[in-house]
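In the UniProt record's numbering, the protein residues as written are 1 to 590.
Structure, as structure tokens:
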């Protein structure tokens with residue numbers, strides 16, 4: 001990447017992260033104000049100490065000593081009060097920024113296309129939401145708040161030092177150019193290293209999530225040693241990269257500390273000489289104050305170098321966070337949505353072309369009409385384009401060319417909310433959230449009564465097993481419905497769509513993963529679901545297809561046969577061959 005482009009990316013990340021901070025300008029400036037007040041009181045302490053030591057030879061030395069000690073006590077007390085308030089305000093700001101970033105990231109993740117998740121591991125994504133956001137927040141708030149506090153101290157102390165003894169003050173700053181050069185060099189080199197650390201952490205987290213989700217398979221196949229070896233490999237990679245990052249820090253941190261100590265040593269030598277020569281009335285009290293102030297000056301300078309380490313890690317995490325926030329959303333909400341006409345829905349594909357990024361067209365000049373309140377089935381081998389047709393009907397993607405219309409309205413002109421209300425989907429692999437049966441059912445209709453829920457379960461042939469559960473509707477079914485069988489999960493998802501009662505239903509391989517007895521129950525549930533609705537069925541198995549009003553056979557993104565079951569059998573074509581091979585597997589024909 002060219003240097004100018006790298007700089008642009010870096011500045012963009014810093015600017016965008018800072019935008020979150022300035023959503024709360026009041027809290028931010030209050031934090032800075034409290035930090036400045038605390039710094040002012042701390043800087044006043046060495047000046048008070050100087051007055052005490054310089055006044056020890058005066059006649060009222062004891063009175064001056066007591067007054068000075070009292071003043072310093074008040075300064076320390078005031079400084080810690082401001083510090084306590086600063087911590088509270090800063091923590092409030094920190095948690096609000098964390099919430100905003102995670103909320104934006106989660107919202108974006110919910111709107112990203114399925115293809116985004118197909119290309120990434122779930123654990124790696126969760127690592128960005130939890131760990132990378134936290135790293136960005138630490139760099140943002142600690143970097144800004146501590147960095148600003150350090151700069152305020154440096155400015156304040158520098159002013160006092162030059163006021164007290166300009167000549168000696170220059171010796172305080174001898175190490176600064178070296179510190180700046182080393183700091184810039186470290187920052188540039190460490191950002192890439194810390195990005196590698198964050199990526200390795202994401203890979204390790206992804207494997208951990210995968211092993212937890214696939215625990216049954218691991219135990220069944222005795223894969224514990226294999227998975228332990230994979231975990232060991234990724235954990236070792238993370239350890240190695242982290243040690244590499246810390247190795248650089250182990251050189252950088254002591255080196256900067258040594259430079260500051262050499263600067264402090266020059267103050268001791270030159271300052272001691274000035275006291276001995278009584279140059280410019282430079283007293284022992286001033287030298288002591290100078291020592292304290294110089295030490296206070298090097299602390300924020302060292303703090304800024306420490307923040308270099310934090311900011312480098314935060315910048316690397318920021319790039320990973322904004323990679324998600326910058327990802328393209330597959331579909332956009334129309335600026336002025338058109339209403340969908342009431343009544344049954346007809347779906348029309350008109351001269352549709354669609355291709356996934358970087359791949360050949362799946363559909364080209366594709367035309368198909370799903371008649372209102374009719375059942376249309378798509379049949380064909382894997383890769384024929386069946387699921388793509390279903391995805392376009394649900395608008396998980398937009399067509400490359402042509403249009404998809406619902407009851408005459410371009411699907412891109414419908415509000416996403418209305419479209420989602422009108423479409424129900426039963427997938428091959430049913431997904432249930434952790435929670436109760438009732439929780440999962442009412443996702444379809446939040447205000448559904450218990451009677452409505454039970455009626456939907458009954459029509460889906462699911463009421464019998466739900467009533468047999470320990471707590472009925474209020475039984476917790478576990479993560480992804482782990483406490484239910486595959487057939488029970490499928491019937492529950494059918495019941496959920498029945499409760500939603502959409503005019504358009506898409507069944508995607510709804511009986512592909514169940515046994516024959518379970519299939520009979522699901523078929524009965526599907527019969528209820530398909531009543532008085534426009535239905536699109538995607539299937540390899542023909543058990544739900546032969547009753548469809550229209551069967552469409554696809555191959556290579558094109559329609560090669562179309563008609564009802566009997567008509568296609570008479571043609572003795574592709575569908576007839578499929579039927580001949582599968583009819584003995586269909587319960588009523590076996």
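Note that beta-carbon positions come from the ideal geometry of N, C-alpha and C, so glycine has one too.
Please determine, among the options, the residue with the shortest C-alpha to C-alpha distance to residue i.
i, options, result
"residue 346", "170, 166, 532", "532"
"residue 298", "151, 287, 205", "151"
"residue 27", "64, 65, 90", "90"
"residue 352", "373, 320, 389, 326", "389"
"residue 128", "184, 118, 203", "203"
"residue 526", "375, 552, 130", "375"
"residue 460", "493, 474, 451, 470", "493"
"residue 455", "499, 483, 412", "499"
"residue 24", "508, 74, 97", "97"
"residue 15", "139, 53, 52", "139"
"residue 349", "205, 343, 174, 399", "399"
"residue 330", "412, 340, 278", "412"
"residue 323", "125, 465, 263", "125"
"residue 357", "113, 38, 99", "113"
"residue 452", "433, 420, 473", "473"
Can you give me the Cβ contacts of residue i inside the same chain, cut-off strictly under 6 Å, excluding the 5 residues immediately before and after it?
i, result
"residue 429", "none"
"residue 274", "282"
"residue 64", "55"
"residue 197", "241, 242, 245"
"residue 9", "In this predicted model, residue 9 has a pLDDT of only 44, less than 50, meaning its place in the structure is not dependable; the value taken from the coordinates is given anyway. Around residue 9: no qualifying Cβ."
"residue 446", "none"
"residue 410", "403"
Among residues of its own chain, excluding the 5 on either side of residue i, which ones have a beta-carbon nearer than 7 Å to its beta-carbon?
i, result
"residue 385", "362, 363, 554, 557"
"residue 286", "50, 164, 165"
"residue 191", "312, 315, 316"
"residue 293", "46, 157, 160, 161"
"residue 78", "41"
"residue 545", "377, 379, 537, 539, 551"
"residue 270", "168, 171"
Return the bridge partner residues of residue i from the DSSP annotation.
i, result
"residue 354", "363"
"residue 476", "436"
"residue 405", "348, 410"
"residue 425", "506"
"residue 369", "348"
"residue 378", "538, 552"
Roughly how many angstroms separate the alpha carbons of residue i and residue j, rounded to a whole number?
i, j, result
"residue 594", "residue 534", "Limits of the chain in this structure are 1 at one end and 590 at the other, which puts residue 594 out of reach."
"residue 254", "residue 261", "10 Å"
"residue 87", "residue 29", "13 Å"
"residue 109", "residue 529", "31 Å"
"residue 169", "residue 162", "6 Å"
"residue 219", "residue 259", "57 Å"
"residue 48", "residue 172", "21 Å"
"residue 268", "residue 288", "10 Å"
"residue 418", "residue 578", "38 Å"
"residue 481", "residue 440", "10 Å"
"residue 71", "residue 147", "28 Å"
"residue 57", "residue 67", "15 Å"
"residue 131", "residue 565", "55 Å"
"residue 214", "residue 116", "22 Å"
"residue 580", "residue 373", "29 Å"
"residue 393", "residue 404", "7 Å"
"residue 467", "residue 559", "45 Å"
"residue 503", "residue 194", "52 Å"
"residue 310", "residue 225", "37 Å"
"residue 336", "residue 343", "22 Å"
"residue 145", "residue 35", "8 Å"
"residue 595", "residue 562", "Residue 595 is absent from the structure shown; the chain starts at 1 and stops at 590."
"residue 31", "residue 189", "31 Å"
"residue 303", "residue 187", "14 Å"
"residue 571", "residue 547", "17 Å"
Leaving out the 5 sequence neighbours to the left and right, which residues in its chain are closer than 8 Å to residue i when beta-carbon positions are compared?
i, result
"residue 4", "Note on residue 4: pLDDT 42, under 50, position unreliable in the model; the coordinate value appears next. Around residue 4: no qualifying Cβ."
"residue 136", "17, 101, 314, 317, 318, 321"
"residue 497", "424, 425, 426, 444, 505, 529"
"residue 7", "Summary for residue 7: the model assigns pLDDT 44, below 50, so the residue's position carries little reliability, and this model does not support an answer."
"residue 432", "440, 477, 480, 481, 484, 489, 492, 493"
"residue 43", "153, 156, 157, 160, 293, 296"
Original post:
At what residue ranges does the segment 498-565 contain a whole run of the alpha helix (DSSP H), taking only runs of 4 or more?
Top reply: Fully enclosed alpha helix (DSSP H) runs of 4 or longer: 516-529.
**OP:** Go through the segment 155-240 residue by residue and report every complete run of the beta strand (DSSP E) that reaches 3 residues or more, in order.
**Re:** none
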